[in-house]
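**Q**
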Ligand code: SF4
Ligand code: SF4
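Here it is as structure tokens:
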């Protein structure tokens with residue numbers, strides 16, 4: 613899932629306080645699962661924001677809330693479209709993709725981010741999410757016993773650990789597991805340690821974000837005349 617964290621209330625307040633009517637828009641997918649921007653969070657945030665605005669002398673700002681199923685897909689934004697002209701601004705609680713999808717769909721309406729989008733990750737335990745994938749565009753988990761050295765090794769090493777691993781922890785932060793310890797332990801348990809006698813080639817970074825924003829086109833799934841830009 614995409615993991616996001618809420619911006620602080622004063623930060624959101626300062627982004628929106630010059631507008632008369634603001635719609636807070638939650639998203640029912642990843643940010644609901646990571647407890648940052650779903651229906652429940654939006655209703656709590658709405659109340660907190662109204663209070664924060666009143667305390668700063670902006671009691672006249674009207675804050676309303678709604679949540680749509682998915683902000684990153686134009687078909688779901690259709691539900692929101694009839695309401696938007698009633699507001700001077702939107703504060704999106706989707707991930708960065710959702711915020712930009714709303715900005716693209718409503719070019720006349722200022723759209724602000726209510727969240728800080730963090731990473732692609734998993735729920736490690738209740739209330740704890742960890743990053744597991746950096747979206748490199750050329751997945752090599754098959755070479756590394758299912759543990760990603762790009763995301764989880766602080767130095768992105770491909771051919772074994774640095775000298776900083778101590779008791780299974782990375783040297784950059786206490787409590788951070790050393791990815792290469794994880795790779796070694798898992799490879800040993802799977803009986804595939806011999807695979808690591810070969811030098812792993814460098815990553816082809818041309819598929820990564822550093823070569824510009826990426827695009828996936830599935831010709832077999834396209835339907836002429838359908839989609840937001842049809
Ligand atoms: S190798 Fe690339 S795609 Fe695979 S988990 Fe790591 S960052 Fe993600
Ligand atoms: S201690 Fe382990 S995870 Fe940390 S940088 Fe070194 S090899 Fe990578």
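In our numbering, the protein residues as written are 613 to 842.
For glycine and all other residues, C-beta sits at the position ideal for the given N, C-alpha and C.
1. In this structure, what does DSSP give as the bridge partners for residue 732?
2. Could you give the uninterrupted runs of the beta strand (DSSP E) lying entirely in the segment 662-746, keeping only those of 3 residues or more?
3. For ligand 1, list every residue whose C-beta falls under 6 Å from any of its heavy atoms, going in chain order.
4. Identify, in the order they occur along the chain, each residue of the same chain with its Cβ nearer than 8 Å to the Cβ of residue 640, setting aside the five sequence neighbours on each side.
5. Per the DSSP calculation, residue 789 is bridged to which residue(s)?
6. What would DSSP say about residue 639, mapped onto helix, strand or coil?
7. Please report how far the alpha carbon of residue 677 lies from the alpha carbon of residue 733, in whole angstroms.
8. Within the present structure, is the beta-carbon of residue 697 separated from the nearest heavy atom of ligand 2 by less than 7 Å?
9. Check residue 826 in the structure and name its three-state DSSP category.
10. Might you give, ordered along the chain, the residues of its own chain that have their beta carbon closer than 8 Å to the beta carbon of residue 823, omitting 5 neighbours on each side?
11. Ordered along the chain, which non-local residues of its own chain (more than five positions away) have a Cβ less than 8 Å from that of residue 755?
12. Run through DSSP, which three-state label would residue 652 get?
**A** Inspection of the coordinates gives the following:
1. Bridge partners of residue 732: 614 and 745.
2. Listed in chain order, the complete beta strand (DSSP E) runs (minimum 3 residues) inside the segment 662-746 are 674-680, 701-704, 723-725, 727-737 and 740-745.
3. Around ligand 1, the residues selected by a Cβ distance under 6 Å to any of its heavy atoms are 745, 746, 747, 748, 751, 752, 753, 760, 762 and 763, following chain order.
4. The residues are 650, 651, 679, 680, 681 and 682.
5. In the DSSP output, where bridge partners are listed per residue, residue 789 has 781.
6. Note: residue 639 maps to strand in three-state DSSP.
7. Our two residues, residue 677 and residue 733, have alpha carbons roughly 27 Å apart in a direct line.
8. False, no ligand heavy atom lies under 7 Å from that Cβ.
9. The answer is coil: DSSP assigns residue 826 none of H, G, I, E or B.
10. Beyond the five residues adjoining it in sequence on each side, residue 823 comes within less than 8 Å, by CB distance, of 817 in the same chain, given in chain order.
11. Within the same chain, residue 755 has close Cβ partners 807 and 812.
12. Residue state, collapsed to three classes: helix.
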